[in-house]
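Read through the structure below, which is laid out as structure tokens, and then see the notes.
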Amino acid sequence: MSRLSVKNHDRDAAGYKYIYPVNSRRSGGLSIGINFNTNNACNWRCVYCQVPDLTIGAAPELDFELLAIELTDFLQDVLHGTFYQRFEIESDRRVIKDIAISGNGEPTSVDDFSKAIALITQIVEQANIPHPFQYVLITNGSLMHKPDVQAGLQVFNQYQGQVWYKLDSGTDVGREAVNHAGLSLLKQRENLIISAKLCSTWVQTCVLGFKPGKGQGGLLEALEQQAYLSLLAEVIEQVPLQGVMLYSLARPSLQPEASTITTATLQQLNDFAESIREIDLLVTVS
Ligand code: SF4
């Protein structure tokens, strides 16, 4: 027997290739994660990333049949089997809160992304979950321009899915320093607008800084904050956003830069949250 504690985010905990349950303190229940990036590959390399042995690349070819079997089995186990007992989930957490497409890399990099979203939503529909839950796609947004990714978001939107869109900087320098991403500011803004037009979109932002002499960028810097606010203000002139989820690092980075970054304090997060609220956006802090 394995205990699925709120600290146990090990994607192998339940023994599946694609499915990983998380006993989520944030949501107060079970979060069903779906990981397409079983090769730990991402097209970005964020300095705070908690994926072990992260490599640059895309998700491998998806085994649709196996995904279907795993998701069907897992939902059956949770809804009608002994999953909660075997994993000793607290009785008040025995409820599916969300189904999150979120993996060890960028999920939209998988080939046939829209087919995967259609398959997942179809299987979940068939399982007939008896209470409300939320679909979430956690993405860095860099592939939003691809027609297949947009088709996937359209399907997701039919099920009231939400996109949690990573935005850690409003400058090219900051994005390069924090995310090691080649995406230009212009492209970042365009892609965020595409996402928000297709699907309800939250911006998800990690606030961090670099230790003296270790680099520049990150939203602890005043100029970065101004650029970020300008970017968001431009976006919401064109399309509504659900809001911004601000967070600081809860767990240590597994990347080589781990020792060079500084975490935001709660006060710093709250101060920045106030500035974002001034442009009329909802903000949560964690
Ligand atoms: S986008 Fe996500 S998975 Fe990719 S490097 Fe950044 S934090 Fe890691």
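With the numbering used here applied, the sequence shown corresponds to residues 337 to 622, in that order.
Built from N, CA and C at the ideal position, the CB exists for glycine as well.
Taking the CA atoms as reference points, L568 sits about 30 Å from T391. Annotation for I459: the continuous alpha helix (DSSP H) segment containing it runs F449 to A463. The residue among L577, P576 and I597 with its C-alpha nearest the C-alpha of A586 is I597. Classified as exposed, E461 has fewer than 16 neighbouring CB atoms from the shown chains inside 10 Å of its CB. Assignment of I355 by DSSP, reduced to helix, strand and coil, places it in the strand class.
With a threshold of 7 Å, the Cβ atom of K523 does not count as near the ligand SF4, since no heavy atom of the ligand is closer than that. Partner residues in the beta bridge of D434, as assigned by DSSP, are S367 and Q470. In this structure, the C-beta of N515 approaches the ligand SF4 to less than 7 Å from one of its heavy atoms. At a threshold of 7 Å, N476 counts as near the ligand SF4, since its beta carbon sits closer than that to one of the ligand's heavy atoms.
Listed in chain order, the non-local C-beta contacts of Q494 below 8 Å within the same chain comprise T457, local neighbours out to five positions each way being set aside. The region 401-413 makes no contact with the region 467-477; the number of CB pairs closer than 8 Å stays below 3. Following the DSSP letters along the chain, one finds Y420 inside the alpha helix (DSSP H) bounded by residues F419 to R422.
Assigned with DSSP and collapsed to three states, K547 falls in coil, not helix or strand. Here D389 is exposed. Its C-beta has fewer than 16 other C-beta atoms within 10 Å. Scanning its chain for C-beta atoms nearer than 6 Å, with the 5 sequence neighbours on each side dropped, one finds around L617 the residues G579 and V580, in chain order.
Secondary structure note for I572: it is in no beta strand (DSSP E), and the uninterrupted alpha helix (DSSP H) holding it is A558 to Q574. With contacts defined by Cβ atoms closer than 8 Å, L503 and T541 form a contacting pair. A check of alpha carbon separations from C382 across H481, H416 and G510 identifies G510 as the nearest.
Fully contained in the region 466-519 are the following beta strand (DSSP E) runs of length 3 or more, in chain order: 470-475 and 498-502. Between the alpha carbons of D413 and I459 lies a distance of about 14 Å. For L582, the three-state secondary structure derived from DSSP is strand.
Put simply, the region 413-425 does not touch the region 444-454. Fewer than three CB pairs are less than 8 Å apart. One thing to note: V387 has its Cβ no nearer than 8 Å to the Cβ of G369.
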